[in-house]
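>
Numbering (the UniProt record's numbering), first residue to last: 1 to 163.
(1) In or out: residue 42 buried (at least 16 other Cβ within 10 Å) or exposed?
(2) Kindly indicate which residue of 51, 61, 116 and 82 has the alpha-carbon position closest to the one of residue 140.
(3) State buried or exposed for residue 74, treating a residue as buried only when at least 16 other CB atoms are found within 10 Å of its CB.
(4) Is DSSP giving residue 66 helix, strand or coil here?
(5) Tell me the residue span of the beta strand (DSSP E) that contains residue 142.
(6) Say whether the stretch 122–141 touches the stretch 43–63, bearing in mind that this needs 3 or more beta-carbon pairs closer than 8 Å, one atom from each stretch.
(7) Under three-state DSSP, which class holds residue 45?
(8) Indicate whether residue 122 and residue 49 have their beta-carbon atoms separated by less than 8 Å.
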């Protein structure tokens with residue numbers, strides 16, 4: 001068998017083609033690395049307290065204690081972004097979420113002001129079937145808007161859970 005004759009145009013094309021493919025892969029890899037997020041940005045931090053109750057009246061009593069007595073104090077804390085209450089009328093789950101702008105404001109709340117709210121949660125626990133609250137912290141982000149934002153437009157009109 002004889003060796004194929006070396007031809008500069010073919011070799012040059014093959015070499016440049018191979019380098020071009022490697023370059024394209026490197027560029028795609030660089031774009032992926034540059035656009036890839038290395039974590040969820042912390043713009044807001046939320047502290048959720050949850051418990052079970054046996055009636056709507058018990059949920060309202062907890063509202064009176066935590067929101068009624070605590071909201072004014074929370075409004076005075078730097079970075080306080082809001083408080084939300086969630087109540088499931090079917091399963092009698094009660095949740096209250098206090099949100100702060102930024103991790104530093106949340107840390108300051110936990111270091112000094114959370115103790116101010118602790119007595120309110122102890123008092124409110126007497127209205128829960130669990131006789132206490134479970135606490136959990138979250139990075140908080142809001143998407144869309146109330147009453148028909150982008151998140152709602154993305155849902156099908158056939159989806160009864162969207163409304």
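Even for Gly, the Cβ is constructed at its ideal location relative to N, Cα and C.
If we stick to the structure as given:
(1) In the chain shown, the residue the question calls residue 42 occupies position 42. The residue is exposed, with fewer than 16 neighbouring Cβ atoms inside 10 Å.
(2) If you number the chain shown from 1, residue 140 lands on position 140. Considering only alpha carbons, the answer is 82.
(3) Position 74 of the chain shown, counted from the start, is the residue given in the question as residue 74. Buried, because 16 or more other Cβ atoms sit within 10 Å of the Cβ of residue 74.
(4) For this step, residue 66 is matched to residue 66 along the chain shown. Residue 66: helix per DSSP, three-state reduction.
(5) Translated into positions along the chain shown, residue 142 becomes position 142. It is not in any beta strand (DSSP E) - residue 142 carries neither H nor E in the DSSP assignment.
(6) Note that the stretch 122–141 touches the stretch 43–63; at least 3 beta-carbon pairs, one per stretch, sit closer than 8 Å.
(7) Position 45 of the chain shown, counted from the start, is the residue given in the question as residue 45. Residue state, collapsed to three classes: strand.
(8) Translated into the one-based positions of the chain shown, residue 122 becomes position 122. Translated into the one-based positions of the chain shown, residue 49 becomes position 49. Cβ distance not < 8 Å, so residue 122 and residue 49 don't count as in contact.
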